[in-house]
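Numbering (the UniProt record's numbering), first residue to last: 1 to 193.
Note that CB positions come from ideal geometry on N, CA and C, so glycine has one too.
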C-alpha cells in the first residue's frame, strides 16, 4: 500500500479533483504514479506500450473520477484503471512486440558495485528475464501477478477486478508463480557461468 498521502489529505484531494481541480488530481495520482507505472509496464512488457497505457490511465482516471465510490482505496481503483488500460494496449498490439530493458522504479539501481559493475549487468539481465517470463504467462495470470506483486492488491480486490472467486485468484497466482519459477530456472541454467 502506498502511504505517501494520508487518508485525510487523499479525501480532500479527491473532493477537489472531482470539482475540477487539476492540481489536486495531479497530486492524487502522483502519490501512486510509481505503482501505476509498474502495473502498466509489467502487463504490457514493452516500455512504449506501457507509456501509452499510463497516458490512457491518467485520462481515464480524470474522466471517470466521478465513478470512484470509495468502496475501496483510491490506489486500488487507480490500479484497476491502469490494469484495464494496459490490457487494452496489449490486446491491440502486434504479436511480435519487442521487449525492452526494464528498471524497477521502486528500487534504486546501483551503477557500481564492489565487483566492478558485474552485479549491475546481472540485475539488468534478471529484470529482462523476469519481464520475458511474465510475457509468457497467460493474460489472466500475468495480470493477477502484476496486480498482487506490483499493485499491492489483495486477493479479494484482484478477484473483483477479474470477476472470479478468490479461490480462482489464489490458484492462478500459484500456477503463475510455479510457471515463473520454471521459466527463470531454465533461463538461469542457460546462462554461461
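Ignore the nearest five residues each way along the sequence and tell me which others in residue 183's own chain have a CB closer than 7 Å to its CB. Closer than 7 Å at the Cβ level, and outside the excluded window around residue 183, lie 133, 136.
Output the distance between the C-alpha atoms of residue 17 and residue 55, rounded to the nearest integer angstrom. 18 Å
Contact check, residue 141 vs residue 91, beta carbons under 8 Å: No, the pair does not count as a contact, with Cβ atoms beyond the cut-off.
Closer than 8 Å by C-beta to residue 29: which residues in its own chain qualify, once you throw out the five before and the five after it? Chain order, please. Result list for residue 29: 36, 58, 61, 78, in chain order.
Let me know the secondary structure DSSP gives residue 153 once reduced to three states. If DSSP states are grouped into helix, strand and coil, residue 153 belongs with coil.
Report the residue from 93, 179, 64, 73 whose alpha carbon sits nearest the alpha carbon of residue 49. 93
Can residue 87 and residue 158 be called in contact, C-beta distance under 8 Å? Contact: no.
Beta-carbon separation of residue 194 and residue 76 under 8 Å? Examination of residue 194 is not possible in this model, given that the chain is present from 1 through 193 alone.
Put residue 45 into one of helix, strand or coil per three-state DSSP. The answer is coil: DSSP assigns residue 45 none of H, G, I, E or B.
Within 10 Å of its beta-carbon, does residue 111 have 16 or more other beta-carbons around it, so buried, or fewer, so exposed? At residue 111, the pLDDT of 36 sits below 50, so the modelled position is not reliable; the number obtained from the coordinates is stated separately. So residue 111 counts as exposed.
Of the residues 178, 21, 45, the one placed nearest residue 139, counting alpha carbons only: 45
Between the beta-carbon of residue 27 and the beta-carbon of residue 14, is there less than 8 Å? no
Quick one: grab the DSSP three-state call for residue 137. coil
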